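Numbering (full-length UniProt numbering), first residue to last: 3 to 323.
Ideal Cβ positions, reconstructed from N, Cα and C, are used throughout, including at glycine.
Source: prediction; values computed, not measured.
Here is the structure we will look at.
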Ligand code: ACO
């Protein structure tokens, strides 16, 4: 059977760090409020010349280098983003162009904060179906460009960045490394709780992010734990067998509550929300890359990824590294 094996990871962050203290000068907020409610201390914000595509390209180059591959080895690029450089062409094809890849196929995935989980699931299916051999799966965002910087209830939460993973198709057994399972969910009836109030077809504007934070919080832990438990049950895996839990980095309180409900000790949870903020589809691959490079995630580990975001969309992926 075909398996989708992780060959390398990479990430990229904008040059500029914006601390909570910096935000105190822009809106009526405090470092204490932000840290207490979210665990965020700082975030990176894209400056001139830095875009979703440029950050995605930088992360992709690092992932290729870590995999010992060159751009020409790639025949599938999937880029998850809610903040593309252009309405079209897709940011994935723009990354492809910058890397000099002219073969295979490329497309974007839009599932907001669940984008990377959706993209990994999609890449895994194409590889297992034999339609591609090596995939670049990228999560890249510049939420700073859709945040309303006068709205303190949202602007303090988000940051920019990108992360990438190279997946390769390989013959193997169920006990070998590779993506073990993926489970995706969506429920559009929650669309008005987290959305952007603009778009090319509705207003002809980019719009701003709007969120009913308390409502999102209320649903997050239940949805996350439900899809994770479903995935683990299908694999006959217990929470104790998870080596690393890499959740979407929206809020430390949601992460801690989810880990607790799942019975995963906090020492096994990769947390980067303190330094990256919520980078939407980029948050999981950014966190993965941090934990791979500092030696936490290594070959053979069982790694659980999960995310929940606008739509609502949510899902989980379990990978044997
Ligand atoms: N600084 C200071 N005070 C603030 C700020 C701020 N930045 N923002 C809001 N407040 C005030 C509010 O005005 C309110 O004041 P009031 O009581 O006088 O009306 C008070 O703080 C409490 O506001 P709440 O919204 O009730 O605060 P809450 O404890 O719910 O925390 C938060 C807000 C952090 C947004 C929380 O609801 C949350 O994390 N929700 C989930 C959001 C999330 O994770 N979204 C992303 C998931 S999906 C995705 O990643 C796209």
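{"Query": "Where residue 254 sits in the DSSP three-state scheme", "Result": "helix"}
{"Query": "The beta strand (DSSP E) enclosing residue 198, as first and last residue numbers", "Result": "196-198"}
{"Query": "Contact set for residue 92: own chain, Cβ-Cβ below 8 angstroms, skip 5 residues either direction", "Result": "81, 86, 108, 109 and 110"}
{"Query": "Residue nearest to residue 300 in terms of C-alpha spacing, selected from 179, 319 and 174", "Result": "179"}
{"Query": "Residue from 150, 100 and 316 whose Cα sits closest to the Cα of residue 190", "Result": "316"}
{"Query": "Which residues DSSP lists as bridging residue 12, in chain order", "Result": "166"}
{"Query": "Unbroken stretches of the beta strand (DSSP E), 3 residues or longer, contained in the segment 45-112", "Result": "78-82 and 107-111"}
{"Query": "Which residues DSSP lists as bridging residue 280, in chain order", "Result": "160"}
{"Query": "Bounding residues of the beta strand (DSSP E) (the contiguous stretch that carries residue 311)", "Result": "304-311"}
{"Query": "Exposure label - residue 10; buried when at least 16 CB within 10 Å", "Result": "buried"}
{"Query": "Contact check, residue 318 vs residue 185, beta carbons under 8 angstroms", "Result": "yes"}
{"Query": "Contact under 8 angstroms by Cβ, residue 226 with residue 282", "Result": "no"}
{"Query": "Terminal residues of the beta strand (DSSP E) in which residue 182 lies", "Result": "180-188"}
{"Query": "Where residue 243 falls, given that 16 or more other Cβ within 10 Å makes a residue buried", "Result": "exposed"}
{"Query": "Terminal residues of the beta strand (DSSP E) in which residue 316 lies", "Result": "315-322"}
{"Query": "Coil, strand or helix - residue 17 by DSSP", "Result": "coil"}
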